[in-house]
Structure formats: C-alpha cells, structure tokens
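Data first, discussion second: the structure below is written as structure tokens.
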Amino acid sequence: MSNLAIKLEQQRQEQLNQSPKQEPVIRTRRASITPGEKFLILLFVSLFVLGAITIVANSYNVYQANMEIQKTEAKIQEQTKLNSDLHVQVEELSTYDRIWEKAKELGLTLDQNNVKSVQN
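Heads up: the sequence shown runs through residues 2 to 121, numbered per this note's numbering.
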C-alpha cells in the first residue's frame with residue numbers, strides 16, 4: 002500500500018475514534034397479545050363462566066329435589082301415623098264385647114240353633 006492509502010486509513014480511524022460513540026438504545030418492547038392469544042383467553046374465560054353457571058344450576062336442582070324429598074317423607078310419616086291410629090281404633094271397635102253390645106242395642110239376639118262354627 003502506498004503512503005496515501007495508509008494516511009487515509011489513519012484519518013478514518015482517527016475520525017471514528019474522535020466522534021462520540023452512540024450506544025445503541027435498547028427499547029424494551031411490551032409483549033403485545035396476539036389475536037390467537039386473545040381468542041384462547043376469551044375461550045378459557047367463557048368456559049370457566051359456563052362451568053360455574055352449570056355448577057350453580059346443578060346445585061339448585063339438587064336443593065329443589067331434596068326439598069321435594071323432605072316434603073314427601075313428611076307426608077309419608079304423617080300418613081303412616083294416621084294409618085296406625087286408625088288401625089288401633091279399628092282394633093278397639095272390633096272387640097267381641099263391643100259388637101255384642103251394639104247388637105243388643107239394635108235388638109238382635111243370639112240364637113244358638115242358628116250359629117254355625119267354622120273349623121280350620
């Protein structure tokens with residue numbers, strides 16, 4: 002190389018050294034949400050809300066069913082008590098002595114010749 006080329010090269014180097022070096026500015030980019038991510042987030046949230054609504058609706062249905070079961074059981078207990086009371090009353094009214102007294106009040110008499118016995 003010639004002296005002229007060397008001098009030009011040295012001048013360039015000096016100019017580069019003398020000029021203030023600007024450090025590259027690092028920009029922090031905030032990650033933007035892509036449309037696909039927005040769709041996935043919307044899908045997840047909607048499924049979550051739908052699941053929550055389904056759970057609440059099922060809980061309400063179970064609660065209503067339990068209420069109906071309890072009402073039915075209360076009616077069954079009440080009817081069972083009424084049936085047992087009526088059964089006791091039937092047993093009290095169907096005693097032989099009471100029937101005989103009612104027959105006498107109505108003017109019926111016991112005719113021994115007209116009585117038939119049933120054998121097992």
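C-beta: ideal position from N, C-alpha, C; glycine also. Here the structure is a predicted model, which is why all the values come from computation and not from measurement.
Worksheet entry | Where the alpha helix (DSSP H) containing Arg99 begins and where it ends | Tyr97 to Glu106
If you run the structure through DSSP and keep just helix, strand and coil, what is Thr50? What sits at residue 50 in the sequence shown is Val, not Thr. Residue state, collapsed to three classes: helix.
- Distance, Cα to Cα, Met68 vs Ile77? 14 angstroms
Once you ignore the five residues that flank Glu102 on each side, which residues in its own chain have a CB closer than 6 angstroms to its CB? none
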